[in-house]
Every structure is written in structure tokens, then in C-alpha cells.
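*Asks:* These protein sequence lines are chains W and G, in that order.
Residue numbering for the first sequence follows numbering that gives the first Met the number 0, beginning at 0 and increasing consecutively.
Residue numbering for the second sequence follows numbering that gives the first Met the number 0, beginning at 0 and increasing consecutively.
The C-beta atom is built at its ideal place from N, Cα and C for all residues, glycine as well.
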Amino acid sequence: MNRFAELLDRLAYEPGRNAKLRLITDYFRHTLDPDRGYALAALTGALSFRHAKPGLIRALIAERVEPTLFALSYDYVGDLSETVALLWPAPAKDHGRNAPPPTLTDVVAALNTLGKAELPAQLARWLDELDETGRWALLKLVTGSLRIGVSARLAKTAVAALGDHQPDDIELVWPGLAPPYSELFAWVEGHGERPRTDDPAPFRPAMLAHAIEETDFAALDPADFTAEWKWDGIRIQAGAGTQPDGRPVARLYSRTGEDISAAFPDLAEALAFDGAIDGELLILREGRVQSFNILQQRLNRKAVTAKLLAEFPAHLRAYDLLFEHGEDLRDLPFIERRRRLERLVAALGSPRIDLSPLIPFTDWEALTVARADPASAGAGADAEAVEGVMLKRRDSLYVPGRPRGPWWKWKRDPFTVDAVLMYAQRGHGKRSSYYSDYTFGVWTAGESGDELVPVGKAYFGFTDAELIEIDRFVRRNTLDRFGPVRHVTHEPHHGLVFEVAFEGLQRSTRHKSGIAMRFPRISRLRWDKPPGEADRLDALEAILGRIEAGRTNSGSGPAGLRDKQASSGADIHG
Amino acid sequence: MRAEDILSPTPCGIFCKPGGFHIDPVRPVARAVITHAHADHARAGHGAVLATPQTLDLMALRYGENFAGTTQAAGYGETVDLGGVRISLHPAGHVLGSAQILVEAGGVRIVASGDYKDVSDPTCAPFETVPCDVFITEATFGLPVFRHGNPQDEIVRLLHSVALFPERAHLVGAYALGKAQRVIALIRQAGYDRPIYLHGAMEKLTRYYEQQGQDLGELRLVRGTKKAEMAGAIALCPPSSLKDTWTRNFPDPLAAFASGWMRVRARARQKGVELPLVISDHADWDGLTATIAATGASDIWVTHGAEEALVHWCRLQGLNARPLGVVGYGDEDEGDDAPIAAEAGSAGTTA
């Protein structure tokens, strides 16, 4: 347990993905079965037991620490588990107890079998035996408040790195496995057979698309491609089949293979087929696709209640068919798979599953028009949920990963606005010596003339070379400091203008401007532009008005292949 | 004579009226007795200064030879008479030269401990318990959540990280006087024998420790070393430099920080530290309470830090305790070393 705690402790402070990966792999390499298996289960969210209530922890510490000293300590530390971990007194030496600290396996096994009445005494014994970090991790674990900052995918990637494997290799065998995963570790370390999965609905690694650039079109023949809408939901894989004993199985996987069925029981129970469909998870109300914002509201809820299911009904919009009745279709051309998919969806006749329609087009001009105005090109009332266009070669096989050529994604142009840098904050990890997080604002009428009002924050979109330039600008033009934040000069004739790209706007009471941006990033540095010529809040209001009226069009209209770089001036492309 | 008539708190620091001197005054005074050379306790500009020889040397290194009108050195255990008040200095175990000050008058013994720790430190004389009637204690880590543990375990974590990330430079933020040299000595005790790199701001003080007989192994300056050479290296710097452009001289730097504050996660995260090392030059809660009990003092005066909890604890033990409310003392890990370290120079592109 102490070792696992040490890993969690390091992970909590380490910002870099690769460094996290190395820490986890190192732990797996130097920890024996079954401990490492339960650690993997903890990291992938596969452990489940009844959690202890904070009241129990408070009662334990109240028996050991004087109340005023506890209150002062808790007040300083601010976190109950951590306070108790640090305060827990060392057990008296003459207690005659010299037990070794519990292993993670001991803890998991006991938590699964322990009665409620026995928990306090067992917890106290463990706390006596563990060190500070061990106690912290134990308390976080038993209260169910362990937040590790590591995805299940990263944990599996760390397993793959023990041997010469890819993360997808792990995903393929994962559905048939259970903690402590001894056969999985044996296989990746080369002293065991590949675990056999007889799961009737396993995950199949997904095929992804490259973003298309304007210059790519010249080499492509429209006749080789089909086009369909890129829906702004969550890419999922719906797998269904039958167990050897005849019980039906249905699963929903994220595109990285995480089993998300439990969050969408309404959709999972509609998967009455035998095969694997690649598609998009959407929220449909009265047949109309809702925006990503609505979907997010469902994703943010922890408990899946009847009310949630009724208000946010989940829906599968089908793109592709990978398997049917045990037959692997992935080596068939897309057009052939599509035909099979159309037949299947029609036969299902489920209100929860429909087909993503193809967009008719003859040349790239026509597709450009469709992309600019999905509502008139077949998407109708659902146009709001269209994120762009997908191009798929008619003859493309279904190849896991992101092969270049067969599939392209062609996103709609983002909105852009010219905004002024107001505040800068240092970044984390590799960027900790750079001012890399920027708050920017636009002009609005204030009490004493025009003033800047912050409208968003961005910390990416620029190149490393641009980061160095901005950092230098921030350091040379700092007016004031508040902790890690620098107040940067932003006068009409002195300051730095960013072209900020974003995907959408929402009203927000948390921001002074009343507006929150979705997915903002720095798209260009406008060293050439005086801050006084940056955009005004009215312009953002206008975009918001259009969004609320249901027209999220990127506004370039049917004007052909617009060259983004040529767009200029203070206009907002909305 | 009552203890309050011998020593009393003033805006300048603790004042001994019968002896005519201040202890660790925060403003220039006629006569000062200094416990140790950290900047918040040892300031320049006093008329006369009494301290251990090492403290006087370190003050001269920091402030120049003329940091005071006159100086008088007193070794540990040596007694000095000031206006009928007997003063003697005793090891405080905090940093090289640090002393507790025993003040005796009219049969009353008062110990002003300055900053202290009661655990072993290879770079300074060990703390000595001085029996007394009144014990003036610091309370930097005066909350029971602070238990510092074994510093050698923290060094093991550092060296494990160096082994795991051989392409990254490990930057260890450590206060330039005391902590830095102790961390180096601990790393050497752990068997690490490669060169250890130093930020320019620590050079003078570290060389002084070496002159005093401390073996710190091979030390090199970061300045003038090629970036590629720093892969897998350990470099020490003032804590404020961890966030400075100075870190750009290193390949994929990993920020470690050696301080008692690292025990509390929120504090470590606030500082953007990736590898917190709980190594403190102050007594932890167990050290404070054990020391208070060991002195046999019936009156405890608590100066700087978390006075409230420590005073409360003393009263629970039936001791007379009160916060002194002396202002002006920080804690060296929190005090901004910026003028030495940060923007002032040393960094640049070649440092």
C-alpha cells in the first residue's frame, strides 16, 4: 500500500503525460502480482466497494487528537483525508504490535468482505501501520475520493510499455479480464499466453481521420469519395452479441476503448443486434439533435437517474459497421460496409439508432457550399450539431489508427475575434518558466470611455517560437503582479493583439462580459495591429445572437474555398 | 527579578533592559546578540554584534566586512557578562553557527532559542537541551500536522527520480544558507558521487561550509556548463529560481523543493513543485513539544509561526504559555530570495 501510495503521490504532482506513463510503468515493473493488478484496477476505475463516510474518519481522529488541535490543523490543511493522514499518531511502541503495513491486495480484499461494523477498527489498524503518504492514499481510497489525474487509457498504455505492445493490443483483450490481471501482465512480459477473450462484444480499435488542408484537395478526385456530416457528439462503438449461455451482451465503448455502457443504459438496451457499429453518441429531443452543450450536461452528471434519462435521451447515429454475426467486415470497402449498415439499421427500426446520411455532391465546390450551410444541404434542423464534413474513400478498408489518405475530416471554420492580451500566468511543467496562459479582452463602453473586458483564457494554439516572443513581451510590459499572474500593458496604442479562434459562445454569469467561449485558442499573433483596433463586445454579442437563433454557420457562405490567411481586419467571422 | 524584567518584546525584537541588548533585532540597534545568520534574524547596521564566530563570518559574507560597528565572537558554552547579565551561546542545530542564547540574571534562566531543530544534521553542531525557567521557542511548524520524517528517505526519492528520468535535470530548490549544504551532504551520505551543480547565488556560502571542514564532494557551477551536460544532473538553486527563466538552461527540468512546507499538498502544489522533499531545518511538532518538555521550563514564550496551537498545547500540559507577538521573522523558505536569485542576473542564456 505504501508503494502504491507513493505512486499516487508522484502522479498527483507530475503534469507531463510521458512522465506519468514512465512512473506507472516503473511501478508495474517493480511491483509483484497481485498488488500491481489491483493498482491497475484502481487506476482504471475497476475497483468497487462500499465507501466509508467522512463521519467515520472524523470519529476515528476525534478519539486520538485533542479537538482544538484538530480544528486548527484541519483549518490549515483544508482536506480531511490529508489532515487525518498527517495527524494520525504513531502507535505506542509497547503495544506489542509490529505488523507489516498492509499491501494494496490486503486492503482491497478486506474492503470487499468487511462488514460495516468491523470497518472502523480495521481502518485504525491500517492507519497505525502505514506512513503519512500511505494513510493519505488509504483514506482517499476508502472514502471514494481518489482523484488520480490519470485516464484508464494511460494506465493501459503503461501496461503495454512493459513489453513490446501497443495500447490497442491491451484494449483488445481487456473486456475479458478482471482484477488482478495476472494473465495480462504475464503476457505483456513475455512469459504467458495471450489472454483469450470470449467476450461476444469486444472493443475493436477505432479508425480515425486526418484533418484536411485546403491544399490537399487538388490531388483528390471527388468521384472517389463519399461525404457525410461530422456530428458534434461523442464517437462511440456499440457492440452487441450473445454469451455462450444465451444471455445478451451490449456495450458502448469510447473511441479509446473505455467501457461507458453504465453511463448510457438507455442506449445500451437498444442494441438489439449482433455486431459492432461505429457511430456518434448524441442527445435527441423530439427527433432533433441537441448541441454538444446539452450532451455535456448529461456527461457531467454522476448518477444516472430516471429524470436524467428522460431529459437527455441518448441516441446512436451510425457511421460504419465493423462486424456482423461474427463476420469481420473491416476488410471490405467502405461502400460495401455502408450497404450492410443501411440494411441493419433499417431492420432494427429502433428510434434510438439511425443512419448518418450521406451528403450528395459532385465536385468540391458543391461540398464547400454544403459544409457552409448544412441546414440547406440535408442536415435541416440538426445543422446546429454539425461540426464539419467527413470524407471517406469509397474503397477504404477499416484500418485501426489514423492512416493518412482514406478518411479526412473537414471541420467548419471556427469563429475568430481579435482580442487584447490583458493578463498572463505562468504555465506548468515544461512551461513553468514561461508566461503561457493568457487572459484576453475586447473593448466595450465603460464609465470613462472605452475599456477592455476579459472574454476568455487560452493557453495553446501558438508555436514554441511564438511562446518565447509572447513571454518576452509579457516580461517587458508587466505593470503589476498578483502572485503568479502578471498584469500586462493593454492600452489602445500599446499592447499585444491575438487573433483568437473558438468553437462557440455561451452566456455566462461567471464572467464580467456575460459571455464564455468554447475551446478558445490563439490562432495568430497580431503584432501589426494596435490594440485600439481590436474587436468590441458588440461583435461577440452578435455572434451569440446568431447562435441562439440556431444559425451557427461559420458565415463564409458559399464563397468557395476561402483562404483563412487572407481574412483580414477587425471583422469577426461568425 | 521577574523574567519579564529581564527580557521583553519590543517593536525591534526581544530587548534585555538590564543588559542593554536586543536579541535578533529587526531594525538597527546599539547592541545586538544574534542567534544565526539567516537574513530575518541577522541584519546589518547594528552598533555592536555578539554571535558565534561562524555567524559573524556568514554575516560578513552576506553584508560585507563592515556590517556592524564592532563584533564580538563567542564560542558555544563561553560566558559573556553584559551589565550584570550573563549570556552564553549553545548549539541550536538549525544551521552552521546557529545558537540558542541563555540569559541569566537574578537567578532566573531564560533561553531564547532562535530557530532550532532537534534532529541530526551533518552540517552543524547538534542541538543541546539547556535547562531553564523560561523557554522562548519558535513555532514555524507549530501544528501537529507537521512531522518531518527522515530526510534520508526524501533523498532516496530524489535519487530514484534521477534514475527514472535520466534525460531530465533535477532542480532542487533549497535555501542558500544551511538547507542547500545539508541537502548536498545528505545526497553524499546516500552514496551519490557525481558532480552536483550550484546556482551562482549559493557559491560563496557553500564554499564557506567547505572551508569549515564540510566535505561536499565535487561541486560545479551551473554557469558555463553546457545544457546537454545537465541531463540527469542534480542542481541546487534558491527556491525562487525554480520559476525563473534560469530553468531554461536545463533539459526538461524537474522542479524539486526541500522544505518542511512540502508536507502539505496544497502548499507544494501552490509552488508548482513536481517533487516535494520534506526536509526542514526547523523542529517539527514532535520536536517542538519534546524540546519544551525537556528544558523543564515552566513558562513558554512562543514567537514566530503558528503560535496559537503551540500555546494551546502548552496550556494543556499545565505550562504557562503566551505568544510574544514579535513581528518581522519569516521563514527562510517563504522569504523571497529574489534579489539574489531571480531577475538580478545570474540567469541569462549562458548561466
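At 8 Å on the CB atoms, spell out the chain G contacts of glycine 77 of chain W, in chain order.
*Replies:* Per Cβ cutoff of 8 Å: Ala265.
*Asks:* Since I believe isoleucine 358 of chain W is in contact with alanine 369 of chain W (beta carbons under 8 Å), could you give me their beta-carbon distance rounded to a whole number of angstroms?
*Replies:* With 8 Å as the limit, alanine 369 of chain W and isoleucine 358 of chain W qualify as a contact, their Cβ atoms being about 5 Å apart.
*Asks:* To be precise: take each residue of the region 424 to 441 of chain W, compare its Cβ to all Cβ atoms of chain G, and keep it if any distance is under 8 Å. Which residues remain?
*Replies:* Per Cβ criterion, the list reads Arg425, His427, Gly428, Lys429, Ser431, Ser432.
*Asks:* What first and last residue would you give for the beta strand (DSSP E) that runs through cysteine 313 of chain G?
*Replies:* Looking at the DSSP string, cysteine 313 of chain G is not in any beta strand (DSSP E); the run it does join, the alpha helix (DSSP H), is 306 to 315.
*Asks:* Who are the near neighbours of glutamate 77 of chain G in its chain, counting only those whose CB is closer than 8 Å to its CB and skipping five residues on each side?
*Replies:* Ser87, Leu88
*Asks:* If you reduce the DSSP assignment to three classes, tell me which class arginine 108 of chain G lands in.
*Replies:* Reduced to three states, the DSSP call for arginine 108 of chain G is strand.
*Asks:* What separation, rounded to the nearest whole angstrom, lies between the Cα atoms of asparagine 552 of chain W and tyrosine 433 of chain W?
*Replies:* With a pLDDT of only 42 at asparagine 552 of chain W, under the threshold of 50, the placement of this residue in the model should not be trusted; the figure read from the coordinates follows. Taking the straight line from one Cα to the other gives about 36 Å.
*Asks:* Determine whether the Cβ of glycine 172 of chain G lies closer than 7 Å to any Cβ atom of chain W.
*Replies:* Chain W, which has no Cβ nearer than 7 Å to the Cβ of glycine 172 of chain G, makes this no.
*Asks:* Run through chain W and tell me which residues come within less than 8 Å of phenylalanine 164 of chain G, C-beta to C-beta.
*Replies:* What phenylalanine 164 of chain G touches in chain W: Ala18, Arg21.
*Asks:* Given a cut-off of 7 Å, decide if histidine 169 of chain G and valine 161 of chain G are closer than it, judged by their beta-carbon atoms.
*Replies:* yes
*Asks:* Using the rule of at least 16 other Cβ atoms within 10 Å of the residue's Cβ for burial, across every protein chain shown, is glutamine 269 of chain G buried or exposed?
*Replies:* exposed
*Asks:* Short of 6 Å in beta carbon distance, which residues of its chain neighbour arginine 108 of chain G, apart from the five on each side in sequence? Order them along the chain.
*Replies:* Cys131, Asp132
*Asks:* How is isoleucine 358 of chain W classed by DSSP in three states: helix, strand or coil?
*Replies:* coil
*Asks:* For the beta strand (DSSP E) that contains asparagine 1 of chain W, what are its first and last residues?
*Replies:* Counting along the chain, asparagine 1 of chain W falls outside any beta strand (DSSP E), though it belongs to the alpha helix (DSSP H) covering 1 to 12.
*Asks:* Pick from G/Asp280, G/Pro17, G/Gln180: whose alpha carbon is nearest that of aspartate 80 of chain G?
*Replies:* G/Pro17
*Asks:* For arginine 57 of chain W and valine 107 of chain W, what's the separation of their Cα atoms in angstroms?
*Replies:* 22 Å
*Asks:* Would you give the residue range spanned by the beta strand (DSSP E) that alanine 464 of chain W belongs to?
*Replies:* Taken as a continuous stretch (DSSP letters only), alanine 464 of chain W belongs to no beta strand (DSSP E), being part of the alpha helix (DSSP H) at 463 to 475.
*Asks:* Could you check whether the Cβ of valine 144 of chain G sits closer than 7 Å to any Cβ belonging to chain W?
*Replies:* With 7 Å as the cut-off, valine 144 of chain G counts as an interface residue toward chain W.
*Asks:* Determine the direct distance from the alpha carbon of alanine 382 of chain W to that of arginine 550 of chain W, and round the result to whole angstroms.
*Replies:* With a pLDDT of 47 at arginine 550 of chain W, under the threshold of 50, the predicted position of this residue should be treated as unreliable, and no value is reported.
*Asks:* Any C-beta of chain W sitting closer than 7 Å to the C-beta of arginine 314 of chain G?
*Replies:* no
*Asks:* Which runs of the alpha helix (DSSP H) fall wholly inside the region 162 to 248 of chain G and span at least 4 residues, in chain order?
*Replies:* 178 to 188, 202 to 210
*Asks:* Go through its chain and collect everything with a Cβ distance to alanine 208 of chain W's Cβ below 6 Å, but skip five positions before and after it.
*Replies:* Trp406, Trp407, Lys408
*Asks:* What residues in the region 358 to 380 of chain W bring their beta carbon closer than 7 Å to a beta carbon of chain G?
*Replies:* none
*Asks:* Could you tell me which whole beta strand (DSSP E) segments of length 3 or greater appear in the region 238 to 317 of chain W?
*Replies:* 247 to 253, 274 to 284
*Asks:* Using a Cβ cut-off of 7 Å (strictly closer), state whether arginine 222 of chain G contacts chain W.
*Replies:* no
*Asks:* If you draw a straight line from the alpha carbon of histidine 29 of chain W to that of leucine 153 of chain W, how long is it in whole angstroms?
*Replies:* Using only the alpha carbons, I get a separation of about 18 Å.
*Asks:* Quick one: which chain W residues come within Cβ less than 9 Å of leucine 274 of chain G?
*Replies:* Arg9, Tyr12, Glu13
*Asks:* How about the region 415 to 422 of chain W and the region 469 to 487 of chain W: do they share at least three Cβ pairs that are nearer than 8 Å?
*Replies:* yes
*Asks:* Counting only the same chain and skipping the five closest in sequence on each side, list residues whose C-beta sits under 7 Å from that of glycine 573 of chain W.
*Replies:* Its pLDDT being 34, under 50, glycine 573 of chain W is placed unreliably by the model, and the measurement read from it follows with that caveat. Phe414, Ala541, Ile542, Arg545, Gly554, listed in sequence order.
*Asks:* Ignoring anything shorter than 3 residues, give me the beta strand (DSSP E) runs that lie fully in the region 129 to 156 of chain G, in order along the chain.
*Replies:* 133 to 138
*Asks:* Where does the unbroken beta strand (DSSP E) through tyrosine 437 of chain W begin, and where does it stop?
*Replies:* 434 to 445
*Asks:* Using only the alpha-carbon positions, how far apart do glycine 15 of chain W and leucine 495 of chain W sit?
*Replies:* 29 Å
*Asks:* Between glutamate 217 of chain G and proline 52 of chain G, what straight-line distance do the alpha-carbon atoms span, to the nearest angstrom?
*Replies:* One Cα belongs to glutamate 217 of chain G, the other to proline 52 of chain G, and the distance between them is close to 26 Å.
*Asks:* Considering only C-alpha positions, which residue in the set W/Ala365, W/Arg517, W/Gly455, W/Ala271 is nearest to alanine 222 of chain W?
*Replies:* W/Ala365
*Asks:* For aspartate 327 of chain W, does the count of other Cβ atoms within 10 angstroms reach 16, so buried, or fall short, so exposed?
*Replies:* exposed
*Asks:* DSSP on lysine 115 of chain W, reduced to helix/strand/coil?
*Replies:* helix
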